[in-house]
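Trainee: Its first residue numbered 240, the sequence shown is counted upward by one per residue in this note's numbering.
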Amino acid sequence: MVPEAIKIAIQSELNIKLTSGELLHGGDINQAAKIDSDSGDRFFLKWNTSAPSDMFKVEANGLVLLDSALTDLIIPEVVLVGDDFLLLEFIEEANSGSSSDFGIQLAKLHKKTNELFGLDHSNYIGRLPQQNKYHNDWLEFFVRERLEPQVKLAIDSGKLPVQLANIFERVMNYTYVVFPEEPPALLHGDLWGGNYMFTADGKTCIYDPSVYYGHREMDLAMTRLFGGFDSDFYQGYNEVYPLQKGFEERSKLCNLYPILVHANLFGGHYVRQAESLLKRFF
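(1) Who does residue 328 pair with in a DSSP beta bridge?
(2) Could you tell me the distance, in whole angstroms, from the CA atom of residue 495 to the CA atom of residue 357?
(3) Report the option in 497, 521, 515, 430 whose CA atom is closest to the CA atom of residue 367.
(4) Rounded to the nearest angstrom, what separates residue 338 and residue 449 at their Cα positions?
(5) According to DSSP, simplified to helix, strand and coil, what is residue 200?
(6) Using a threshold of 7 Å, state whether the C-beta atoms of residue 319 and residue 309 are closer than that.
(7) Considering only C-alpha positions, which residue in the set 340, 425, 418, 328 is nearest to residue 371?
(8) Return the CA-CA distance between residue 395 and residue 315, expressed in angstroms with no decimal places.
(9) Alpha carbon to alpha carbon, what distance is there between residue 343 and residue 306?
(10) Taking residue 398 as the reference, give the member of 373, 502, 419 with the closest Cα.
(11) Mind listing, in chain order, the continuous alpha helix (DSSP H) runs of no fewer than 4 residues lying wholly within the region 284–350?
(12) Buried or exposed: residue 401, going by 16 or more other Cβ atoms within 10 Å of its Cβ?
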C-alpha cells in the first residue's frame, strides 16, 4: 500500500514501526492513508512519488502559517515531511458541527493581514504551480500571479484559443472599480467543500491549503463554486467581518481563477466555462 521507501523513512525518522494502514479515497492528485503505529499514535499520510520535490514542503508551510493565526480552526499538525510525502496527525471526522462557528473562525483568519499581496514563496494549487510574487495592489496580483499564468498554460496546451493571449490588456480600469480596497488577508486558498470537515467537538478542521495573502473574497467566492457551505456559515462570517456590497457579482470574477485551474487540470466543461467568463469580464 504505502511505498516501502516512504515507510522506511517515516519509521527511521520517528523511531516507530508502522503497524497497519487503511487507504483513504477522495483525492484526485495524491494517495492517502490512515496509518497506525506501535507508539499508539495514528497518522494521516499523503504521498505522490512523482510530485515536485517541494510540493509537500510548501503545503506543510501553509498549514503552519494557518495555525499561526491563532483561531479556533483545527489545523492538522505536521509530523514529518519529505520530498514525496506529508505525515500529519490524524483527526477523526464527525458527521456534523457548527457551520456558524466555521464562518466566524474563517473571518478571524482573514483578520490576519500583511502589507503586501502574495507570499514569500511559491506553492501549488492542486498539482499546478501557484506564483505568489508580492504586489502592492490586488489588481496587479490577481491578474499577473493568478489569471495570466493559468491562461498561458491553457493556451500552450491547446485548451484555450491563442486569441485570448492579450485579453488582460484592458483589465486595469475594470478591476480597480469592482474590488473594494481591503488589506491583504491570510487565505486558505483552495477552500471548497472537500477541504474541511467537522471534528467531534463541533469545531472545523481545514486542510490541503494553497495559502497566500490575498483579497478575502477569493476564499468566500470559492465556497460558492461547488457548494457544501450553508447559510449559517455565511451568517457567522458576516457577524465578524461583513462582506461589502457587490460581492455576489465579484465572486464570479474571483472564481475565474479556480475555474481556469480546473480547466488546466481536468479539461472538459471547465474550459468552456473559463472561456465564457474571460469573454464576459474582459
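Note that the Cβ used here is the ideal one computed from N, Cα and C, for glycine as well. The structure presented is a predicted model; accordingly, all values stated were derived computationally and were not measured.
Mentor: Walking through what the data contain:
(1) The sequence position of residue 328 within the sequence shown is 89, counting from 1. Paired residues: 282.
(2) The sequence position of residue 495 within the sequence shown is 256, counting from 1. The sequence position of residue 357 within the sequence shown is 118, counting from 1. Each residue's alpha carbon lies about 18 Å from the other.
(3) If you number the sequence shown from 1, residue 367 lands on position 128. Among 497, 521, 515, 430, the Cα nearest to that of residue 367 is on 497.
(4) The residue given as residue 338 occupies position 99 in the sequence shown. The residue given as residue 449 occupies position 210 in the sequence shown. Straight-line Cα distance between these residues: approximately 22 Å.
(5) With the chain covering only 240 through 521, there is no way to say anything about residue 200.
(6) As a working mapping, residue 319 is identified with position 80 in the sequence shown. As a working mapping, residue 309 is identified with position 70 in the sequence shown. No, the pair does not count as a contact, with Cβ atoms beyond the cut-off.
(7) As a first step, residue 371 must be located in the sequence shown, where it is residue number 132. Residue 425 is the option with its Cα nearest to residue 371.
(8) Here residue 395 refers to the residue found at position 156 when the sequence shown is read from its first residue. Here residue 315 refers to the residue found at position 76 when the sequence shown is read from its first residue. Each residue's alpha carbon lies about 37 Å from the other.
(9) Counting from 1 along the sequence shown, the entry for residue 306 is found at position 67. Counting from 1 along the sequence shown, the entry for residue 343 is found at position 104. Straight-line Cα distance between these residues: approximately 16 Å.
(10) By 1-based counting over the sequence shown, the position of residue 398 is 159. Comparing Cα-Cα distances from residue 398 to each of 373, 502, 419, the minimum goes to 502.
(11) 294–306, 338–349
(12) What you label residue 401 is simply residue 162 of the sequence shown in a count that begins at 1. Label assigned to residue 401: exposed.
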